[in-house]
Amino acid sequence: MPTLYLSPHPDNFQNYRVLIAARYDLALPSVVELPPAQGAPPQPPASCPLPKLPALESRPGVWVSGPAAVAHFLAPEQLRGQGPAGAARVQQWVSYAEGEIAPAACAAAFSALGLAKQSKQVVERAGAELCRALGVLDTHLKLRTYLVEEAVTLADVTVACALLLPYKYVLDPASRAPYPNVTRWFLTCVHQPQFQAVLGPVKLCEQAAGGGEYQLGTQEPAAPSEVGPAAGAVPASGEAPVKSASQLKKEAKKKEKLEKFQQKKEKSQQQQAEKKVKPEKKEKRDPGVVTYNVATHPGEKKDVSGPMPDAYSPQYVEAAWYPWWESQGFFKPEYGRQSVSEPNPKGIFMMCIPPPNVTGSLHLGHALTNAIQDALTRWHRMRGETTLWNPGCDHAGIATQVVVEKKLWRERGQTRHDLGREEFVREVWKWKNEKGDRIYHQLKKLGSSMDWDRACFTMDPKLSHAVQEAFVRLHEEGVIYRSKRLVNWSCTLRSAISDIEVDKKELSSRTLLPVPGYKEKVEFGVLVSFAYKVENSDEEVVVATTRVETMLGDTAVAVHPWDPRYQHLHGKHVLHPFTGRRLPIICDNFVDMDFGTGAVKITPAHDHNDYEVGQRHSLDCVTIIDDSGRLINVPPPFLGMKRFEARGAVLEALKQKGLFKEVKDNPMVVPICSRSKDVVEPLLKPQWYVRCEGLARGAAEAVRRGDLRILPPSHCRTWFQWMDNIRDWCISRQLWWGHRIPAYFVSVADPSVPPGEDTDGRYWVSGRSEVEAREKAAKAFGVSPDKISLQQDEDVLDTWFSSGLFPFSIFGWPHPSEDLAVFYPGTLLETGHDILFFWVARMVMLGLKLTGKLPFREVYLHAVVRDAHGRKMSKSLGNVIDPLDVISGITLEGLHAQLQDSNLEPAEVERARQGQKSDYPAGIPECGTDALRFALCAYTAQGRDINLDVNRILGYRHFCNKLWNATKFALRGLGGDFQPPPGPEPSGAEGLMDRWALSRLSLAVALCDAGFQAYDFPGVTTAVYSFWLYELCDVYLECLKPVLAEGGPGEVAAARRTLYTCLDAGLRLLAPFMPFVCEELFQRLPRRTPQAPPSICVTPYPSPQQFCWRDEALEASLEFALGIVRALRSLRADYNLTRTRADCFLQCLDGATADTARRCSAAIRTLSCSGLVQVLGPGQAPPAGCAVAVASDKCTVHLLLKGLIDAEKELAKLAGKQVELQRQIERLQERMETPDYGAKVPPKVQEADAAKLRQSRAELQKVAEAMETFQRML
């Protein structure tokens, strides 16, 4: 194992740099701290030939010395930069940190801490140098997460460690304020696990050292009362330790060197100034958050006449557009036509929103749904279709009632029963009118282009009438019926709940869970075995259960008919030890002979499987748990006990009777009510049910025939499984808030008519009013209406019932209307796959039954959003992200504060805090709406689940900045007097790069059109992203610069027309995903005609029929040229030619390839920053002193290095790198060849090692080639 020798100073940032770099590799070295010898500084071991610490003995006799070399040696490949270009950039930052940042940071820190007594001039100079370095960093980090790549590299490790002392002891909040990007980056770094393992918690300076007497770059530090500790040590609280003579001597030397260095630097600067006095450059300041401050009334158009801000700012861009869009009616289907009934040859697009709960606030599921739906809606609208995206909100029966009940108790100390039903419902309406439109405001923040004048609430009179009509019709046809069956019951809510409101908590063994209403946690995850005595026998039958309290309701014991252990007991009985009931031993095939004892207790009233067994065998159903969860119909002492208190009492009683056998751990699933967090109890209740078999058959056949398309098709299998095995749907809910069931129980004042039972459907009638119901009852029983007494059902309908009617109830069904005729059936239903059955299937079933039509032709199901680690979003994990926090940004402290307002337990709050700290150490940066929408649509390629990484959203914010800067440059290039032609068609005067740009634009248009048609959102986002970033910005705009600067009038005019076409069409392609930034930039472009549409929202989407200028041969030529550019850039990075324009020579195998290279030579020269680009003729050799790279199988690139590079110096560098790579390869091979490597090392680590070995070998080959090149230059 390698051994690392360090100086023991506790604040030595060079040690930290090395140790952190080592932490990123799996094989950590052994660390030895060397104490100082007789007051002298620590020295490396005698065997080390190198004098500098830290020092690393990689193997016996092989040493690496100095922080830079050791850190580089210990760092894994990913920390050194991706590829040659990345590695070069990392090395540049490392050099900058060592040469500029570290000296300035140390000088400022030592001065502030009183560790080096220096003159005022030196102190101020140190502060100024540190400020300058921080300014450079802040500008660079403005749009970056890390210094070089999208992950930590050696550059970040080196610079962060160099800034440790200033951030801990010098940079107080006021000093940090001008450098917010550096501070954000620094905190992100030091919160990485590898940093924390070495540094521990890093506390930022609250007050500059010296009690505030020192301020960065402004004041001389206070004179210390005593000479401080050695340089690099942390100042201790209280009195400073006395220093040795050698330490004082060392400090004096260091001080003398620093002053000489500063004097030399000043002299050099003075000489430079005397040589050439340059005009002073204006300091480039960070504009910070730019906001739109022009007075604009809501609904007025935004003022874009002023200059564009320096950089993209979401707050500036997103201001004022949405109210203007809304006021102009762009989102209404009537826009641009007399009425919605007016025929439109381009077609109709109608989609309704999955109505969010009125209690809800925006979460990422809503954000994903609305990002996809709005992109589709905007695309159809831009295609010229009559487009309606209908908003709405669900009354959310249980959720809303719970919210208002909690509010009543908190504010007044009252329950709903204290108020009564009518008064409580009024309170709910009052709450809805005050708070219920919050979700609408949040949807507008996302840019959702809905027709808000058509917004519907499921309790509105129009929709309530549709619900009533649907129930009555279905009841009259016998589709809705009354029955007593087992339901999911919440004892806390005292209501039945739907399957979707039941969370399944998986337990692997004994677990204590909190249950509402119980002080102590309740035990789950165990299997209790006990015995029943066989009647008139000494035998016993042992059964097992996870809910031992339910044995008080047992009415039988079941065995398999073929089980030989119990065949002699068929037809016999066991005796219940507490109730005295005789329980028959019945035979049923559902019993698993191999599980447990093969005998199963049967409790028909409290278990779904047992209920079915009871129905088959006509067993009694004894209900032993009431609505509140207390025991009934049981003997004392259990009578009146709470169900989980009875659990312990029954267990103890079984032990006393000698019937208890054992308790053991048992994996199980506990059903939890998502609303109340109570454990769900199966209870027998008379409820209303929808007979689903016939309805489901029609829904399944619609998909099989192809009348209804479900996308992705993989979900069809789930659809058929549910439809072909459907159960009847319980639609009763024991609530006060919701649609009260329009059904009445009938009592007849006539002795010839016997009293009815609740479960007897003949004694229930439905009606649109009580009068209608009375007439129905009188007719049914053959009596006069005055003999009929009616009692309306107290229950309300399941929320999913009204939601199932939503596609047609929003248009006034059952009454005819223009909207119903035009927009029903709808075009598309887009939603999450998790509610395919609960909502989509019910809409299809009810739509077919009540209207005879499918409610929509297609269903597109998107993925479920998870966090970056693939975990389900959960408040207790701290990974629930509010989209508004992503849009506007939030600090880590702000995220923590949100947890305090939640209902989590203290332990869960702490776990959530740690999760937030790990995932968002510096909070969530401001990303903006457009970046969030684009990221969510781009993510849908991941299949069923989306693992959302906030860093990727930040990457799309950077993309917005790229759009901003590209358009800004383009507007300058077009000039203020540019007038685009009426159409985008090429004039024929376009140059090579113009024709290539139009060809690539045509491809992007075709890909976007095909992607939208196929709901391939990642395909669309990739196409438009690639066009803007890799083709327009990286290639075409770069090639345009010399044309606009030096080209002839005709060439410039053609280039400007092409540039405008690319900008205009590119923004329109992107607008469905990024509406705000596209509108902002589109409004700054000149219009082709005065009649052009006023907004990008209603401007035609580019079509493949119009943009049909694809030239694949030209694209192939340019791809060949870009291959040459990539080869040249790689060579420039390999030889660190950052600014030098070297000449290049192209050697082609044939004349056609040479002709192509000549045609593209101007583009090659521009894009590769080359001097001369010469295509060599047949037999013509390149000059000596060239580096060589292969661009393709037909072209070799020669980059002339002679005279640009010191060959001897580069050879020395490469020789050192060659040795290092050889050692690394040896170390990897040695590790991979150990006998137990394949068995002990995880497969992922083995893959990483193999990749590292391949990379090292490839690098070694490149080093050898480079050395050969330099040898030829000597």
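Start counting the sequence shown at 2; every next residue gets the next number (my numbering).
Beta carbons: idealized from backbone N, C-alpha and C, even for Gly.
These numbers come from a predicted model, not from an experiment.
Would the beta-carbon of valine 678 fall within 7 Å of that of valine 488? Along the sequence shown, one-based indexing puts residue 678 at 677. Along the sequence shown, one-based indexing puts residue 488 at 487. The sequence shown places lysine at residue 678, rather than the valine named in the question. No, the Cβ-Cβ distance between lysine 678 and valine 488 is not below 7 Å.
Using three-state DSSP, classify threonine 1154 as helix, strand or coil. Within the sequence shown, the letter at position 1153 stands for residue 1154. Of the three classes helix, strand and coil, the one that applies to threonine 1154 here is helix, per DSSP.
Beta strand (DSSP E) segment containing glutamate 541, residue limits: In the sequence shown, the residue the question calls residue 541 occupies position 540. Start and end: 541 to 546.
Taking C-beta to C-beta, are glutamine 208 and arginine 24 nearer than 7 Å? Locating residue 208 in the sequence shown gives position 207, where the first residue counts as 1. Locating residue 24 in the sequence shown gives position 23, where the first residue counts as 1. Result no, Cβ atoms of glutamine 208 and arginine 24 do not sit closer than 7 Å.
Could you pull out every unbroken alpha helix (DSSP H) segment of at least 4 residues lying fully inside the segment 775 to 809, listed in chain order? Correct list: 800 to 805.
Straight-line gap, aspartate 26 to proline 77 (C-alpha atoms, nearest Å): Residue mapping note: residue 26 aligns to position 25 of the sequence shown, counting from 1. Residue mapping note: residue 77 aligns to position 76 of the sequence shown, counting from 1. Between aspartate 26 and proline 77, the C-alpha separation is close to 5 Å.
Going by the CB atoms, is the gap between isoleucine 586 and leucine 570 shorter than 7 Å? Taking the first residue of the sequence shown as 1, we reach residue 570 at position 569. Taking the first residue of the sequence shown as 1, we reach residue 586 at position 585. Result yes, Cβ atoms of leucine 570 and isoleucine 586 sit closer than 7 Å.
Classify glutamate 682: buried if its beta carbon has 16 or more other beta carbons within 10 angstroms, exposed otherwise. In the sequence shown, the residue the question calls residue 682 occupies position 681. So glutamate 682 counts as buried.
Let me check understanding here. Comparing Cα to Cα, which of Phe1083, Cys1079, Cys1109 and Val542 lies closest to proline 987? Counted from its first residue, the sequence shown places residue 987 at position 986. Selected option, being the one with the closest Cα: Cys1109.
Cutting at 7 Å between CB atoms, please list the residues of its own chain near glycine 827, excluding the five before and the five after it. Taking the first residue of the sequence shown as position 1, residue 827 is located at position 826. Closer than 7 Å at the Cβ level, and outside the excluded window around glycine 827, lie Met351, Met352, Cys353, Pro808, Pro856 and Phe857.
Name, in chain order, the residues that DSSP records as bridge partners for histidine 1199. To locate residue 1199, count along the sequence shown from 1; it is residue 1198. Its beta-bridge partners are Phe1146 and Val1189.
In this structure, does DSSP put glutamate 221 in helix, strand or coil? In the sequence shown, the residue the question calls residue 221 occupies position 220. Confidence in glutamate 221 is poor, its pLDDT being 35 and thus under 50, which makes the residue's placement too unreliable to answer from.
Between the C-alpha atoms of proline 578 and serine 530, what's the straight-line distance to the nearest angstrom? What you label residue 578 is simply residue 577 of the sequence shown in a count that begins at 1. What you label residue 530 is simply residue 529 of the sequence shown in a count that begins at 1. For proline 578 and serine 530, the distance between alpha carbons rounds to 15 Å.
So the beta strand (DSSP E) phenylalanine 350 belongs to, where does it begin and stop? Within the sequence shown, residue 350 is the residue found at index 349, counting from 1. The continuous beta strand (DSSP E) containing phenylalanine 350 extends over residues 349 to 353.
Length of the line joining the Cα atoms of leucine 172 and lysine 963: Position 171 of the sequence shown holds residue 172. Position 962 of the sequence shown holds residue 963. The straight-line gap from Cα to Cα measures roughly 32 Å.
For the alpha helix (DSSP H) that tyrosine 1238 lies in, which residues bound it at each end? Against the sequence shown, residue 1238 aligns to sequence position 1237. That run of the alpha helix (DSSP H) goes 1238 to 1241.
Cβ-based burial, leucine 1173 [other Cβ within 10 Å; buried from 16]: Working through the sequence shown from its first residue, we reach residue 1173 at position 1172. In this structure leucine 1173 is exposed. Its beta-carbon is surrounded by fewer than 16 other beta-carbon atoms within 10 angstroms.
Excluding the 5 residues flanking tyrosine 745 on each side, which residues of the same chain have their C-beta closer than 6 Å to its C-beta? Residue mapping note: residue 745 aligns to position 744 of the sequence shown, counting from 1. The beta carbon of tyrosine 745 sits closer than 6 Å to those of Val766, Ala774, Leu791 and Gln793, all from its chain and outside the five residues before and after it, given in chain order.
Would arginine 843 and glycine 805 be called neighbours here (beta carbons separated by less than 7 Å)? Within the sequence shown, numbered from 1, the residue matching residue 843 stands at position 842. Within the sequence shown, numbered from 1, the residue matching residue 805 stands at position 804. Yes. Within cutoff.
Could you check what DSSP says for alanine 532 in three-state terms: helix, strand or coil? Taking the sequence shown and counting its residues from 1, one reaches residue 532 at position 531. Residue state for alanine 532 is assigned as strand, using DSSP reduced to three classes.
May I ask you to report which of helix, strand or coil DSSP gives aspartate 504? Here the question's residue 504 lines up with position 503 in the sequence shown. Taken through DSSP and simplified to helix, strand or coil, aspartate 504 comes out as strand.
Once you ignore the five residues that flank alanine 224 on each side, which residues in its own chain have a CB closer than 6 Å to its CB? Position 223 of the sequence shown holds residue 224. For alanine 224, the predicted model reports a pLDDT of 31, less than 50, meaning its position is unreliable and no value from the coordinates is stated.
Taking 7 Å as the CB-CB limit, is proline 1184 close to chain E? Reference to chain E is not applicable here, since this structure consists of a single protein chain.
Identity of the residues DSSP links to alanine 606 by a beta bridge: Numbered from its first residue, the sequence shown carries residue 606 at position 605. Residue pairing by DSSP places alanine 606 in no beta bridge whatsoever.
What would DSSP say about isoleucine 633, mapped onto helix, strand or coil? As a working note, residue 633 is residue 632 in the sequence shown. Collapsing the DSSP output to three states places isoleucine 633 in coil.
Contained alpha helix (DSSP H) runs [length at least 4] in the segment 1043 to 1107, N- to C-terminal order: Counting only runs of 4 or more residues that sit fully inside the segment 1043 to 1107, the alpha helix (DSSP H) segments are 1050 to 1071 and 1076 to 1083, in chain order.
Which class does phenylalanine 1 belong to by DSSP, given the choice of helix, strand or coil? Outside the shown range of the chain (2 to 1275) lies residue 1, about which nothing can therefore be said.
Cut-off 7 Å between Cβ atoms - residues of its own chain near aspartate 157, not counting five sequence neighbours on either side: As a position in the sequence shown, residue 157 is number 156, starting the count at 1. Taken in chain order, the residues that qualify are Tyr147, Leu148 and Cys190.
Could you tell me the distance, in whole angstroms, from the CA atom of tyrosine 533 to the CA atom of glutamine 735? As a first step, residue 533 must be located in the sequence shown, where it is residue number 532. As a first step, residue 735 must be located in the sequence shown, where it is residue number 734. Straight across, the Cα-Cα distance linking tyrosine 533 with glutamine 735 is about 37 Å.
Measuring alpha carbon to alpha carbon, tell me which of Val549, Pro315 and Lys777 ends up nearest valine 473. Counted from its first residue, the sequence shown places residue 473 at position 472. That would be Lys777, whose Cα lies nearest to the Cα of valine 473.
Shortest alpha-carbon distance to glycine 361 belongs to which of Trp1029, Gln1223, Gly437 and Tyr1238? Taking the first residue of the sequence shown as 1, we reach residue 361 at position 360. Of all alpha-carbon atoms in Trp1029, Gln1223, Gly437 and Tyr1238, the one lying nearest the alpha-carbon of glycine 361 is that of Gly437.
Taking 7 Å as the cut-off, decide whether the C-beta atoms of valine 664 and valine 527 are in contact. Locating residue 664 in the sequence shown gives position 663, where the first residue counts as 1. Locating residue 527 in the sequence shown gives position 526, where the first residue counts as 1. Yes; because the gap between Cβ atoms is below 7 Å, this pair is in contact.
Suppose you measure from the CA of tyrosine 168 to the CA of valine 95; what does that come to, to the nearest Å? Along the sequence shown, one-based indexing puts residue 168 at 167. Along the sequence shown, one-based indexing puts residue 95 at 94. Between tyrosine 168 and valine 95, the C-alpha separation is close to 19 Å.
C-alpha gap between proline 355 and leucine 830, whole angstroms: For this step, residue 355 is matched to residue 354 along the sequence shown. For this step, residue 830 is matched to residue 829 along the sequence shown. Rounded to whole angstroms, the gap between the alpha carbons of proline 355 and leucine 830 is 8 Å.
Between which two residues does the alpha helix (DSSP H) holding tyrosine 97 run? Along the sequence shown, one-based indexing puts residue 97 at 96. Here the alpha helix (DSSP H) through tyrosine 97 covers 84 to 97.
By the DSSP assignment, the alpha helix (DSSP H) with tryptophan 410 in it spans what residues? As a first step, residue 410 must be located in the sequence shown, where it is residue number 409. Counting along the chain, the alpha helix (DSSP H) containing tryptophan 410 begins and ends at 398 to 413.
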